[in-house]
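Chemist: Take this structure first; my questions come after.
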Amino acid sequence: MTGDGINDAPALKKANIGIAMGQAGTDVAKEASGVVLADDNYKTIVNSIRIGRETFDRIKLVITNLLVSSIAEVIIILLGLFIYRFAFNRQIDGNEFIILSATQLLIVNLLAHGLPAIALGIVKQEENVMLRKPYKTTDTIFSNGTFIVLLRQSLIIAFYSLLAYGVVGLFAIINDLKGKEFVRLCSSAAFLTLGISSSLNTLNLMTKKNLVFANFNRYKW
């Protein structure tokens with residue numbers, strides 16, 4: 001609701017978002033409104049809505065990317081310790097058993113969290129952002145199926161990382177590797193798979209379409 005006169009004050013106060021004119025509006029209208037339009041230009045309202053939606057989308061992308069990698073790491077470590085600690089017990093030969101070392105986790109967090117977060121924060125948004133329906137006041141970053149996407153991507157990344165650990169472990173058994181060499185080789189395979197998968201997930205989040213059909217021309221800065 002927009003208004004500038006004293007008679008607009010009740011409607012401005014009752015509206016979800018009351019917008020008063022900053023230059024032509026009365027003091028009563030300004031006090032009753034939630035937003036004061038400083039330049040009295042209606043285009044500013046449209047631009048503000050567009051910027052707000054783009055900002056919300058960027059925050060959503062960054063948080064989703066961070067959570068996908070973090071949840072995947074937790075799944076990899078918990079399931080990996082449970083499954084492979086017993087499956088490869090003979091090859092471990094009493095040595096310290098790890099799925100991912102602390103150093104590897106720090107590297108993944110830096111490369112898959114920090115740098116991609118910057119890219120997702122400045123990426124150009126879709127041009128049809130103003131054609132979408134308004135967000136509900138109850139909407140969160142997990143609304144509209146985001147949580148399902150987050151969980152699905154986390155499980156996919158964890159699956160391939162654990163698969164890489166197991167496959168390389170089998171090759172190591174064939175080549176009669178044991179002890180620290182065995183653990184180091186398998187851990188490196190899981191680490192590389194996790195890093196590559198997390199990077200691909202970042203690219204996938206840049207578009208709502210499948211990564212194969214994504215139009216990366218719109219990501220030129």
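Residues in the sequence shown are numbered consecutively from 1, following this note's numbering.
By construction, the Cβ of each residue, glycine as well, lies at the ideal position given by its N, Cα and C atoms.
(1) Counting pairs of beta carbons, one from the segment 85 to 92 and one from the segment 136 to 145, are three or more of them closer than 8 Å?
(2) Note down, one range per segment and in chain order, each alpha helix (DSSP H) of at least 4 residues found wholly within the segment 81 to 156.
(3) Around the C-beta of Met130, are 16 or more other C-beta atoms found within 10 angstroms, so that it is buried, or is it exposed?
(4) Apart from the five residues just before and just after Ala112, which ones in its own chain have a Cβ nearer than 6 Å to its Cβ?
(5) Looking at C-beta atoms only, is the number of pairs between the segment 137 to 157 and the segment 179 to 189 that lie closer than 8 Å three or more?
(6) On a Cα-Cα basis, can you pick out the residue from Thr64, Phe191, Glu31 that is closest to Ala229?
(7) With a 10 Å radius around its C-beta and 16 neighbouring C-beta atoms as the bar for buried, classify Ala29 as buried or exposed.
(8) Check whether the Cβ of Lys136 sits closer than 6 Å to any heavy atom of the ligand MN, and report yes or no.
(9) How many angstroms separate the CA atom of Pro116 from the CA atom of Thr140?
(10) What are the start and end residues of the alpha helix (DSSP H) that includes Ile196?
(11) Based on DSSP bridge pairs, tell me the residues matched to Thr21.
(12) What separation, rounded to the nearest whole angstrom, lies between the Cα atoms of Glu126 and Ile173?
(13) Ala20 to Lys124, Cα distance in whole Å?
(14) Please report the straight-line C-alpha distance between Val168 and Asn204, rounded to a whole angstrom.
(15) For my contact list, Ser187 and Leu100 are in at a C-beta cut-off of 8 Å; report their separation, rounded to the angstrom.
(16) Where does the unbroken alpha helix (DSSP H) through Ala29 begin, and where does it stop?
(17) For Asn7, is the classification buried or exposed, using 16 other Cβ atoms within 10 angstroms of its Cβ as the cut-off for buried?
(18) Keeping to the same chain, check which residues put their C-beta closer than 7 Å to that of Arg50; ignore five residues upstream and five downstream.
(19) Reducing DSSP to helix, strand and coil, say where Gly3 ends up.
Modeler: By the coordinates alone:
(1) Short answer: they don't touch.
(2) Those alpha helix (DSSP H) runs which fall completely within the segment 81 to 156 and span 4+ residues are 89 to 92, 102 to 109, 115 to 122.
(3) With fewer than 16 other Cβ atoms within 10 Å, it is exposed.
(4) Exclusion of the five residues before and after Ala112 leaves Ser69, Ser198 as the residues of its chain whose Cβ lies within less than 6 Å of its Cβ.
(5) Too few Cβ pairs lie closer than 8 Å, so no.
(6) Residue 229 lies beyond the stretch modelled for the chain, which goes from 1 to 221, so this question has no answer here.
(7) Around the Cβ of Ala29, a 10 Å sphere holds 16 or more other Cβ atoms; the residue is buried.
(8) As presented, the structure is devoid of all ligands, the ligand MN included, so that no description of it is given.
(9) Distance between the alpha carbons of Pro116 and Thr140 is about 22 Å.
(10) Here the alpha helix (DSSP H) through Ile196 covers 179 to 205.
(11) Looking at the sequence itself, residue 21 is Met, so the reference to Thr does not match. The partner list for Met21 (beta bridge, DSSP) reads Leu37.
(12) Going by the C-alpha atoms only, they are around 49 Å apart.
(13) One C-alpha to the other measures close to 31 Å.
(14) Straight-line Cα distance between these residues: approximately 27 Å.
(15) Yes, Ser187 and Leu100 are in contact; Cβ-Cβ is about 6 Å, under 8 Å.
(16) For Ala29, the enclosing alpha helix (DSSP H) stretches over residues 27 to 32.
(17) Exposed, by the Cβ-count rule.
(18) Excluding sequence neighbours, Arg50 sits near Val129, Met130.
(19) In the structure shown, Gly3 sits in a strand (DSSP, three-state: E or B).
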